[in-house]
Amino acid sequence: MASLRFLTFFSPLLLIVTLSLVANTSRTEARRILETTLPKVPELPKPELPELPPLPKVPELPKPELPELPPLPKVPELPKPELPEQPSLPKVPELPKPELPELPPLPKVSELPKPELPEQPSFPKVELPPLPKPDQFPVLPKPELPELPKPEVPKFP
């Protein structure tokens, strides 16, 4: 717990100190830039390099002649390898097919009667009132907006 109390006290203090140091240096740096005048540096003559002597000519060497290579020796042909014959598999005697027992025939099921749904009651037809025709709608007058006076802009000389 003591370390946490120390950090809560020390971290704002450290922040304030660093900000004050940074702010002070920027002011003094700006003042130095404005006040100082740099002395004029005399221009030095450009140094001239001496000319390099020309490179000596290298004599051309004759191309060496390569000796002819001896012909490659003939490689004897190898006979093709023959695969041995596959051994025959032993004969397996045929097994008799197993006979399945016969299933008894299924009993005949008589046809079930079809279920009948009860009759739905009939409802009388409802007469709807006639829809109004578009000619019968009242004509509303268009809204008119009052005319606004034009704004007068003062003229500047």
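Read in order, the letters of the sequence shown are residues -30 to -1, 1 to 127 in mature numbering (1 follows the signal peptide of the UniProt record, and there is no 0).
Glycine included, every Cβ here is placed at the ideal spot set by N, Cα and C.
Keep in mind the model is a prediction, meaning the values are calculated, not measured.
Asked: Return the CA-CA distance between P17 and P(-19), expressed in angstroms with no decimal places.; Found: 59 Å
Asked: Under the three-state reduction of DSSP, which class applies to P104: helix, strand or coil?; Found: helix
Asked: Could you tell me the alpha carbon to alpha carbon distance between L19 and P12, rounded to whole angstroms?; Found: 21 Å
Asked: Mapping the DSSP letters down to three states, classify V96 as helix, strand or coil.; Found: coil
Asked: Rounded to the nearest angstrom, what separates V(-14) and F(-21) at their Cα positions?; Found: 11 Å
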